[in-house]
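Just below is one structure, and these are the notes that go with it.
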Amino acid sequence: MLKVDDINVYYGNIQALKGVSLEVKEGEIVTLIGANGAGKSTLLKTLSGLLKPKSGTIHYLDGSISGKAPQSIVKTGISHVPEGRRVFANMSVEENLELGAYLRKNTKEIRKDMEHVYELFPRLQERRKQISGTLSGGEQQMLAMGRAIMAKPKLLLLDEPSMGLAPLMVKNIFQIIEKINREGTTILLVEQNANMALSIADRAYVIETGKVVVSGSASELQSSEQIKKAYLGGH
Ligand code: ATP
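With UniProt numbering, letter number 118 in the sequence shown gets 118, and the count goes up by one each step, no holes.
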């Protein structure tokens with residue numbers, strides 16, 4: 001579904017991604033793990049068109065998306081939930097969700113999908129008139145994910161959905177990620193919480209200072225001594 005081949009991405013003179021290649025197959029949950037500053041968010045931003053690779057190719061479905069603008073990438077069915085869950089703080093939950101569907105026209109279908117988001121996240125339904133800036137961190141994460149789903153993505157890019165959340169909320173969010181995947185959305189998940197990420201993923205890539213250093217099935221990585229030491233708390 002997605003094939004990234006040898007991309008190099010820079011911020012000015014600083015090279016953040018160094019020849020990164022990876023693949024996501026339809027229906028999978030693929031996770032990208034790595035320390036702070038490894039380049040995980042940079043990769044997601046490149047996939048959604050916020051950054052442009054200096055070289056390399058990004059193949060998605062039937063064509064190339066390398067260098068395309070974010071809006072045309074959204075139209076191809078890629079939605080990005082950025083780190084820090086940027087919701088529109090002055091707008092209600094419902095208005096945020098409506099904005100997620102801004103490229104769509106069929107109001108009946110949009111309504112139906114909003115009901116679906118409320119089924120996935122009952123907490124959002126209870127709070128649909130609430131101003132989003134007053135939601136808790138976990139609720140804002142749900143809203144950011146709900147808004148991305150309103151674009152009807154085929155591929156959902158999630159950047160650190162567990163960041164700053166209490167363990168119970170993390171568990172809840174991960175269960176919902178699995179559910180969204182079972183319903184047919186392919187997922188590329190960036191996480192520092194490698195244990196949780198590997199527990200729901202099919203495959204994983206480990207990224208260190210801009211390079212993919214290890215890849216394999218999630219279960220392979222979970223049992224690797226090297227990965228355990230570096231990313232899973234050393235047990
Ligand atoms: P984290 O988990 O801390 O978010 P990450 O793996 O997502 O880490 P990135 O945010 O992709 O890491 O950053 C990769 C590298 O690029 C880091 O060295 C970072 O300092 C640098 N970088 C990120 N954004 C910019 C920017 N706007 N300008 C310059 N350098 C940047």
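All C-beta atoms in this analysis are idealised placements derived from N, C-alpha and C, irrespective of residue type, glycine included.
Practice prompt. Go through the stretch 55-81 residue by residue and report every complete run of the alpha helix (DSSP H) that reaches 4 residues or more, in order.
Written response: 70-75
Worksheet item: When the Cα of residue 289 is compared with those of Gly100, Gly133, Met142, which residue comes out closest?
Response: Any answer about residue 289 is impossible in this case: the structure gives the chain only from 1 up to 235.
Discussion item. Is any non-hydrogen atom of the ligand ATP found closer than 7 Å to the C-beta of Ala38, if you look at the structure I gave you?
Written reply: Taking the sequence shown and counting its residues from 1, one reaches residue 38 at position 38. Yes, the Cβ of Ala38 comes within 7 Å of a heavy atom of the ligand ATP.
Item to complete: Just the C-alpha distance for Leu61 and Asp5, rounded to the nearest angstrom, thanks.
Response: To locate residue 61, count along the sequence shown from 1; it is residue 61. To locate residue 5, count along the sequence shown from 1; it is residue 5. Computed Cα separation, rounded: 14 Å.
Discussion item. For Leu43, tell me which candidate among Ile180, Ile29, His80 has the shortest Cα-Cα distance.
Written reply: The sequence position of residue 43 within the sequence shown is 43, counting from 1. Comparing Cα-Cα distances from Leu43 to each of Ile180, Ile29, His80, the minimum goes to His80.
Discussion item. Taking the straight line between their C-alpha atoms, what separation do you get for Glu183 and Gly56?
Written reply: For the purposes of this step, residue 183 is taken as residue 183 along the sequence shown, with counting starting at 1. For the purposes of this step, residue 56 is taken as residue 56 along the sequence shown, with counting starting at 1. Looking at the two C-alpha atoms, the distance is approximately 32 Å.
Worksheet item: Who are the Cβ neighbours of Val190 in its own chain at under 7 Å, not counting the five residues just before and after it?
Response: As a working note, residue 190 is residue 190 in the sequence shown. Leu32, Lys40, Ser41, Leu44, Leu158, Asp159, Glu160, listed in sequence order.
Practice prompt. Please look up how many angstroms separate the CB atoms of Lys228 and Thr186, rounded, as I've assumed it's under 8 Å.
Written response: For the purposes of this step, residue 228 is taken as residue 228 along the sequence shown, with counting starting at 1. For the purposes of this step, residue 186 is taken as residue 186 along the sequence shown, with counting starting at 1. Going by Cβ atoms, the distance from Lys228 to Thr186 rounds to 27 Å, so no, they are not a contact pair.
Worksheet entry | Span separating the alpha-carbon of Leu51 from that of Pro167 | Start at 1 with the first residue of the sequence shown, and residue 51 comes out as number 51. Start at 1 with the first residue of the sequence shown, and residue 167 comes out as number 167. For Leu51 and Pro167, the gap between their C-alpha atoms comes out near 32 Å.
Fill in: Among Lys3, Gln140, Lys152, nearest to Lys105 - alpha-carbon criterion
The sequence position of residue 105 within the sequence shown is 105, counting from 1. Selected option, being the one with the closest Cα: Lys152.
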